[in-house]
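Numbering (full-length UniProt numbering), first residue to last: 1 to 199.
Every residue, glycine too, gets a C-beta built ideally from N, C-alpha and C.
For reference, the structure discussed in these notes is given below.
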Amino acid sequence: MKTLPYILIALRFVLAPVIFCLSYFMGEKSRFLILILMYFGLLTDIFDGIIARKTGVSSERLRRMDSQTDMIFWLSLGFAVYFLNPDLIKDEWIGVIIILGMEAVCYIVSWLKFGKETCTHAFLSKMWGLSLLTAFTYLIGFQQAGWAFYLTVVLGFVAHIDVILIILILPKWQYDVPSSFHAWKIRKGKHTKKTVLFN
Numbered sequence: 001m002k003t004l005p006y007i008l009i010a011l012r013f014v015l016a017p018v019i020f021c022l023s024y025f026m027g028e029k030s031r032f033l034i035l036i037l038m039y040f041g042l043l044t045d046i047f048d049g050i051i052a053r054k055t056g057v058s059s060e061r062l063r064r065m066d067s068q069t070d071m072i073f074w075l076s077l078g079f080a081v082y083f084l085n086p087d088l089i090k091d092e093w094i095g096v097i098i099i100l101g102m103e104a105v106c107y108i109v110s111w112l113k114f115g116k117e118t119c120t121h122a123f124l125s126k127m128w129g130l131s132l133l134t135a136f137t138y139l140i141g142f143q144q145a146g147w148a149f150y151l152t153v154v155l156g157f158v159a160h161i162d163v164i165l166i167i168l169i170l171p172k173w174q175y176d177v178p179s180s181f182h183a184w185k186i187r188k189g190k191h192t193k194k195t196v197l198f199n
């Protein structure tokens with residue numbers, strides 16, 4: 001059981017190139033299969049954390065692996081959407097640039113301050129992840145952007161601002177910080193690491 005969280009993370013990592021290749025080589029025929037893999041990947045993301053906590057193997061290494069695998073997984077879905085709906089993505093290029101730009105800023109700020117990638121797993125970021133799931137379902141399954149895409153852009157912008165604030169506020173690098181408010185309490189010495197962990 002203690003190795004299962006790592007196996008689930010590895011499965012999600014493997015899904016990324018599979019999704020990429022399906023969308024690139026099979027095109028329209030792969031839509032339904034990609035949606036199934038996307039939701040399966042989400043389940044691995046949910047259960048790797050639950051099992052890690054239950055078995056006592058949640059650690060910095062595991063959380064960093066989880067965070068980076070998430071990024072690769074969602075990027076593969078982004079490429080899949082482009083391969084399947086290039087004109088749709090070109091029409092919504094401003095929103096795409098905003099999200100990619102904010103993600104890049106988070107990593108740059110974190111590397112400049114701590115020499116490590118960001119790994120906050122903040123609450124707003126989790127909400128953004130759920131909105132991404134909805135947006136990709138619409139984009140891949142129904143070939144439309146609509147309210148789901150615009151909600152993802154807005155929530156993604158807000159979530160990334162929160163992450164940037166967490167990075168700037170924290171006195172030292174830390175993983176699993178729910179919000180910039182919690183980061184401020186950590187800075188003031190009002191929270192220990194144990195009380196911050198929530199996922």
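Straight through space, the alpha carbons of Val154 and Ile186 are spaced by roughly 27 Å. Of the other Cβ atoms in all chains shown, fewer than 16 fall within 10 Å of the Cβ of Ala104; this residue is therefore exposed.
In the structure shown, the three-state DSSP call for Lys54 is helix. Every alpha helix (DSSP H) of 4 residues or more that sits fully in the stretch 77 to 134 is shown, in chain order, as 86 to 91, 93 to 114.
Contact annotation: the stretch 153 to 170 touches the stretch 116 to 126, with at least three C-beta pairs closer than 8 Å.
Residue burial is scored here from C-beta neighbours: Asp66 has at least 16 other C-beta atoms within 10 angstroms and is therefore classed as buried.
For Thr152, the uninterrupted alpha helix (DSSP H) run begins and ends at 146 to 169, by DSSP.
With distances taken between CA atoms, Arg63 lies nearest to Cys119 out of Phe13, Leu139, Cys119.
Taking the CA atoms as reference points, Phe13 sits about 23 Å from Thr152. Spanning the alpha carbons of Phe79 and Ser180 requires a straight line of approximately 31 Å. In terms of Cβ geometry, Phe157 and Ile89 do not form a close pair [threshold 8 Å].
Counting C-beta pairs closer than 8 Å gives three or more between the stretch 4 to 12 and the stretch 44 to 59, which meets the contact rule. Rounded to whole angstroms, the gap between the alpha carbons of Tyr175 and Lys54 is 18 Å.
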